[in-house]
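**Q** Starting off with a structure, shown below.
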Amino acid sequence: MQSKPECILFVRIFPSNAIEHILPKDPGLKYTPTSVIFVKVPSISKYQWHSFSIVSSSRVDENTMSVLIKSEGSWTSSLSNMIQTRQETYSDQLKYIPIAVEGPYGLVSMDSLGLMLVAGGIGITPFLSILQELAAFENSRHTCCSANNTTYYVVEKSEDICLLNSISTLISSTSQLKSAV
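Note that the sequence shown covers residues 587 to 767 in my numbering.
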């Protein structure tokens with residue numbers, strides 16, 4: 587995908603000041619886990635591009651891709667404020683926030699003897715796509731991935747645990763993804 591104008595289809599706001607942005611994608615566009623996209627929001631800055639990890643799997647989501655953006659700096663805070671204001675006042679106006687997207691970029695092999703993923707807070711985002719990919723492989727009976735996979739996720743604030751909501755059903759229904767809280 588080259589840089590092109592896009593729209594935000596839907597957002598999900600988490601208590602941890604993170605917002606999941608769901609963007610349209612061509613069903614033929616495939617990307618690997620840990621891929622990133624670059625996003626520019628001209629109404630915030632005409633020249634600033636920011637990279638974000640794609641948290642969805644192209645094997646699972648054929649028509650959309652998702653990124654999680656946590657409101658921490660001035661650019662992400664401006665985006666968060668813009669989205670929350672539009673959602674409160676004009677709930678159908680999110681898709682009219684013009685953004686530009688470039689990517690996805692990334693390459694990782696899922697062929698391994700096992701994975702140990704360690705993340706904290708918003709740092710879980712690159713791994714969400716890996717976990718979805720592991721679940722998709724298991725559901726398709728693909729044998730590339732070992733069942734020896736462990737994820738450690740540490741949060742400073744309890745509200746950050748909600749970042750796992752997007753994969754909670756996968757964790758409970760996939761034998762390769764076991765969890766203990």
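We put the beta carbon where it would ideally sit given N, CA and C, even for glycine.
1. Can you find the residues in the same chain that come closer than 7 Å, C-beta to C-beta, to His607, ignoring five residues on each side of it along the sequence?
2. State the start and end residues of the unbroken alpha helix (DSSP H) segment that holds Glu674.
3. By DSSP, does Tyr738 sit in helix, in strand, or in coil?
4. In whole angstroms, what separates the C-alpha of Ile685 from that of Ser637?
5. Taking the DSSP output, what are the residues bridged to Leu609?
6. Just the C-alpha distance for Leu701 and Gly689, rounded to the nearest angstrom, thanks.
7. Mind checking whether Tyr691 and Val622 have CB atoms under 8 Å apart?
8. Could you check what DSSP says for Leu749 in three-state terms: helix, strand or coil?
9. Under the three-state reduction of DSSP, which class applies to Leu703: helix, strand or coil?
10. Are Glu592 and Val687 close, meaning C-beta to C-beta below 8 Å?
**A** Taking the structure as given:
1. Taking the first residue of the sequence shown as position 1, residue 607 is located at position 21. The answer, listed in chain order, is Ile594, Val597, Ser652, Val653, Ile655.
2. Position 88 of the sequence shown holds residue 674. First-last of the alpha helix (DSSP H) with Glu674: 660-675.
3. For the purposes of this step, residue 738 is identified with residue 152 of the sequence shown, where counting begins at 1. Three-state DSSP puts Tyr738 in a strand.
4. As a working mapping, residue 685 is identified with position 99 in the sequence shown. As a working mapping, residue 637 is identified with position 51 in the sequence shown. Taking the straight line from one Cα to the other gives about 13 Å.
5. Numbered from its first residue, the sequence shown carries residue 609 at position 23. Paired residue(s): Met651.
6. Here residue 701 refers to the residue found at position 115 of the sequence shown. Here residue 689 refers to the residue found at position 103 of the sequence shown. Distance between the alpha carbons of Leu701 and Gly689: 26 Å.
7. Counted from its first residue, the sequence shown places residue 691 at position 105. Counted from its first residue, the sequence shown places residue 622 at position 36. Yes; because the gap between Cβ atoms is below 8 Å, this pair is in contact.
8. Working through the sequence shown from its first residue, we reach residue 749 at position 163. Correct three-state label for Leu749: helix.
9. In the sequence shown, the residue the question calls residue 703 occupies position 117. Three-state result, Leu703: strand.
10. Counted from its first residue, the sequence shown places residue 592 at position 6. Counted from its first residue, the sequence shown places residue 687 at position 101. Cβ atoms of Glu592 and Val687: closer than 8 Å.
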